[in-house]
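Trainee: Using this note's numbering, read the sequence shown as starting at 1366 and increasing by one per residue.
Backbone N, C-alpha and C define an ideal beta-carbon position, used for all residues, glycine too.
Predicted, not measured: the structure shown is a model, and the values here were computed from it.
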Amino acid sequence: MSVRVPGRLLPVRTVLALTAVGLAALDLLIKAFVMVNMSDGRVLDYGVFTLRLAYNTGVAFSLGASLSPWIVAAATAALVAVLAVFLLRKAPHLARIPRSGAALLLGGALGNLVDRLDGAGVVDYLHTGWFPTFNLADVFVVGGAVLLVIGSMRASSPAQEEA
């Protein structure tokens, strides 16, 4: 399966990988901006959420924060590698919605992995007051997982197979 771009076709796996890398780069650029502009402790209040700089040395919801940063980074790298292999192998067989979810999920995972490699933890900056502080990569991961699940359920429904 291929995706048409002006003048040529790109393999689906290439499109998925390039999209994931682009999303990770966007996430890392925003994190760099936040670190440069909010390292003085500034908090920007936008009502529903505030922007404030925080570091998460653990994984989701700070689980594992007491572990060595290198153990967390190595475990994260292993999980991202397995995820990447699985999603890239599966990509040609996925419909658009789950394939978009795969790109978001992999992009978010890559963004947080790269951010974690300096040993300081993942940069978080979106704060709601009722939920732990998070970042754009976290949104990509959750949104991507939702699209993957919904798209996969939709593709495997009996009504869809009969059509």
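Is Leu-1452 near Ala-1467, with beta carbons less than 8 angstroms apart?
Mentor: If you number the sequence shown from 1, residue 1452 lands on position 87. If you number the sequence shown from 1, residue 1467 lands on position 102. Yes, these two residues count as a Cβ contact at 8 angstroms.
Trainee: Under 6 angstroms Cβ to Cβ from Glu-1527, same chain only, skipping five residues before and after it: list those, please.
Mentor: Numbered from its first residue, the sequence shown carries residue 1527 at position 162. Reliability fails at Glu-1527, whose pLDDT of 41 lies under 50, so the model's placement of it is uncertain and no value is given.
Trainee: Count the other CB atoms within 10 Å of the CB of Pro-1457; is the residue buried (16 or more) or exposed (fewer)?
Mentor: The residue labelled residue 1457 in the question sits at position 92 within the sequence shown. Pro-1457 comes out exposed.
Trainee: At what residues does the beta strand (DSSP E) containing Leu-1491 begin and finish?
Mentor: Within the sequence shown, the letter at position 126 stands for residue 1491. Where Leu-1491 is concerned, the enclosing beta strand (DSSP E) stretches over 1487-1492.
Trainee: Do Leu-1416 and Leu-1491 count as a contact pair if the criterion is CB distance below 8 angstroms?
Mentor: Within the sequence shown, the letter at position 126 stands for residue 1491. Within the sequence shown, the letter at position 51 stands for residue 1416. Taking 8 angstroms as the Cβ cut-off, Leu-1491 and Leu-1416 qualify as a contacting pair.
Trainee: Contact between the stretch 1401-1417 and the stretch 1485-1500: three or more CB pairs below 8 angstroms?
Mentor: Because the criterion of three Cβ pairs below 8 angstroms is met, the stretch 1401-1417 and the stretch 1485-1500 touch.
Trainee: On the three-state DSSP scale, how would you describe Arg-1481?
Mentor: For this step, residue 1481 is matched to residue 116 along the sequence shown. Arg-1481: helix per DSSP, three-state reduction.
Trainee: Going residue by residue through the stretch 1407-1468, where are the continuous beta strand (DSSP E) segments of at least 3 residues, counting only ones entirely within it?
Mentor: The qualifying runs are 1415-1421.
Trainee: Are Leu-1381 and Arg-1461 close, meaning C-beta to C-beta below 8 angstroms?
Mentor: Counting from 1 along the sequence shown, the entry for residue 1381 is found at position 16. Counting from 1 along the sequence shown, the entry for residue 1461 is found at position 96. No.
Trainee: Can you pull the DSSP bridge partners for Ala-1499?
Mentor: Numbered from its first residue, the sequence shown carries residue 1499 at position 134. Correcting the residue type first, residue 1499 is Phe in the shown sequence and not Ala. Paired residues: Leu-1491.
Trainee: Can you list, in chain order, the residues of its chain with a C-beta nearer than 7 angstroms to that of Met-1400? Leave out the 5 residues immediately preceding and following it.
Mentor: The sequence position of residue 1400 within the sequence shown is 35, counting from 1. Once the five neighbours on either side are set aside, the close Cβ partners of Met-1400 are Leu-1418 and Val-1488.
Trainee: Using a Cβ-Cβ cutoff of less than 7 angstroms, which residues in the same chain neighbour Leu-1409 once the five nearest sequence positions on both sides are dropped?
Mentor: Locating residue 1409 in the sequence shown gives position 44, where the first residue counts as 1. So the list reads Thr-1415 and Leu-1416, once near-sequence residues are dropped.
Trainee: Considering just the uninterrupted stretch of the alpha helix (DSSP H) at Asp-1392, what are its terminal residues?
Mentor: One-based indexing of the sequence shown puts residue 1392 at position 27. Here the alpha helix (DSSP H) through Asp-1392 covers 1377-1403.
Trainee: Of all the options Arg-1407, Gly-1508 and Leu-1482, which has the alpha carbon lying nearest to the alpha carbon of Ala-1442?
Mentor: Working through the sequence shown from its first residue, we reach residue 1442 at position 77. With distances taken between Cα atoms, Ala-1442 lies closest to Leu-1482.
Trainee: Count the other CB atoms, across all protein chains shown, that sit within 10 Å of the CB of Asn-1421; report buried if there are 16 or more and exposed otherwise.
Mentor: Position 56 of the sequence shown, counting from 1, holds the residue named residue 1421. Counting Cβ neighbours within 10 Å, Asn-1421 comes out buried, since at least 16 surround it.
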